[in-house]
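When the letters of the sequence shown are read in order and numbered with my numbering, they come out as residues 102 to 301.
Comments concern the structure below.
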Amino acid sequence: MATANERIPDRQRPELDGHGLRLRRWDATADLDAATWLRGRSDPEFQRWNTPLLAVTDLDGARASLHKQAENEANGHCAHFCVTDADSGTALGHIGLNMIDRVMRTARVGYWVLPEARGRRVATRALTLASRWAFTELGLHRLELGHAVGHDASCRIARKCGFLYEGTLRGAMFEAGRLDAFRDVHLHARIATDPEAHEG
């Protein structure tokens, strides 16, 4: 029987191509990836809607964060991708599967987009690709997506990609910039038998 932290075989973690994007692994040893990670995680819009347990404030912190992420990937807990433009290779953002449970065949999806790439449906296209991979290659049954109440852009992305709104989770996320106060979360989910939404 599969275990909750079963490692994802390398053959199941290819670069994903489609909709004008390429999703590739983050490279914890690459200066450019560390700089991109720092920009994404320190962006005011990211910080408005997310409160990581460990803030990324400099390049050393970005490298440490990426190394920790790579360790979690090796343990089978997550699968993260740098979202890039398929033609130029320019980094546009991030998408990842977190809390992968190979027994229950579930995971949680998270994403962010760099400021200069917003308004181009990057998150919608990336979520379409990552979801298809999770269902067809990883064999997952259910993907969950949670966002802070009021984050209307993320709500629209979820709905466009076929993630149905399932309810409000009370006090399920830290308030922006705080680890001592909580806010409500909208929960969306999609299961493998749901029809794939039209990407557009």
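For glycine and all other residues, C-beta sits at the position ideal for the given N, C-alpha and C.
Quick caveat, the model's predicted, so the values are computed rather than measured.
Under three-state DSSP, which class holds residue i?
i: R203; result: coil
i: H248; result: strand
i: R257; result: helix
i: W234; result: helix
i: G263; result: coil
i: V286; result: strand
i: R209; result: strand
i: T158; result: coil
i: A180; result: strand
i: D118; result: strand
i: A273; result: strand
i: A224; result: helix
i: G301; result: A caution first: G301 carries a pLDDT of 46, below 50, which makes its placement in the model too unreliable to give a value.
Do you know whose CA, among the options, lies nearest residue i's CA?
i: M200; options: A282, S143, V286 and R243; result: R243
i: A180; options: L124, R260, A273 and F275; result: L124
i: S232; options: A259, R140, D161 and S189; result: A259
i: G177; options: R284, A254 and T207; result: T207
i: G278; options: R209, P145, L228 and N173; result: P145
i: D188; options: K169, E297, G119 and E245; result: G119
Given a threshold of 16 other Cβ atoms within 10 Å of its Cβ, counted over all protein chains shown, does residue i qualify as buried or as exposed?
i: G121; result: exposed
i: G240; result: exposed
i: L155; result: exposed
i: D281; result: exposed
i: R203; result: buried
i: R221; result: exposed
i: S255; result: buried
i: Y266; result: exposed
Using a threshold of 8 Å, state whether the C-beta atoms of residue i and residue j are closer than that.
i: H248; j: W127; result: no
i: L215; j: L198; result: no
i: C262; j: T237; result: no
i: V184; j: A129; result: no
Below 8 Å on the Cβ atoms is my contact criterion, and I expect residue i with residue j to pass it. Report the Cβ-Cβ distance as a whole number of Å.
i: H195; j: G251; result: Rounded, the Cβ-Cβ distance is 21 Å, inconsistent with contact.
i: F264; j: H287; result: F264 to H287, Cβ: 10 Å. No contact.
i: L163; j: A131; result: Here residue 163 turns out to be Ala, not Leu, going by the sequence shown. A163 to A131, Cβ: 11 Å. No contact.
i: W213; j: F147; result: 5 Å
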